[in-house]
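This report refers to the structure that appears directly beneath it.
Residue numbers (my numbering): 1061 to 1243.
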């Protein structure tokens, strides 16, 4: 009894042509090609929006906390940079704020033209300087305040911005104001 030989290729010639014309898996293949860029773009858009919201929240917290310096309340006692960081955290949601992620520099200057850029806050390696000053100034003096808030990024491995350092985005809030004449 001689059996029929099976071809090594499982499809017959007419089936192979119909396989090439078959479109039933096209959607799955197209989705596989597009899914990863789509999800990266979606997460990136959400993250950019979240960073903008957090940046506004930090700006508002700094404006509110700076009132202690501007009105002379900080000058009455031994008000330190750590206490100022706690004051900033008081205006932010508790889940967001960690004083270890906040760097503050407050300096008094002679004129508004002397207000410096935030580049002065970083050393040559791009790290935040350790010797940041906290000088609140006297009555009617001009004060420059820089606050850096380190926010963790989801897509930090892309490092799209120079501010992304070690998975953290450095959100900077700067204020220049003249202290009130409280004396």
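Quick reminder that beta carbons are idealized off the backbone N, C-alpha and C, glycines included.
These numbers were taken from a predicted model, which means no experiment stands behind them.
(message) Using 7 angstroms as the threshold, is the C-beta distance between residue 1231 and residue 1209 below it?
(response) yes
(message) Whole angstroms are fine: how far does the CA of residue 1188 sit from the CA of residue 1146?
(response) 19 angstroms
(message) Distance check for residue 1090 and residue 1083, CA to CA, integer angstroms please.
(response) 11 angstroms
(request) Mind reading off the beta-carbon distance from residue 1175 to residue 1239? Whole number of angstroms is fine, and I expect it under 8 angstroms. (result) Not confirmed; about 14 angstroms, so no contact.
(request) Using only alpha-carbon positions, find the residue among 1104, 1172, 1229 and 1121 that is nearest to residue 1154. (result) 1121
(request) May I ask you to report which of helix, strand or coil DSSP gives residue 1200? (result) coil
(request) Count the other CB atoms, across all protein chains shown, that sit within 10 Å of the CB of residue 1144; report buried if there are 16 or more and exposed otherwise. (result) buried
(request) Would you tell me roughly how many angstroms separate the C-alpha atoms of residue 1106 and residue 1203, rounded to the nearest one? (result) 35 angstroms
(message) residue 1168 and residue 1201 - do their beta-carbons sit closer together than 7 angstroms?
(response) yes
(request) Starting from the Cα of residue 1195, find the closest Cα among 1215, 1211, 1243 and 1132 and give me that residue. (result) 1132
(request) Report yes if the C-beta distance between residue 1205 and residue 1235 is below 7 angstroms; otherwise report no. (result) yes
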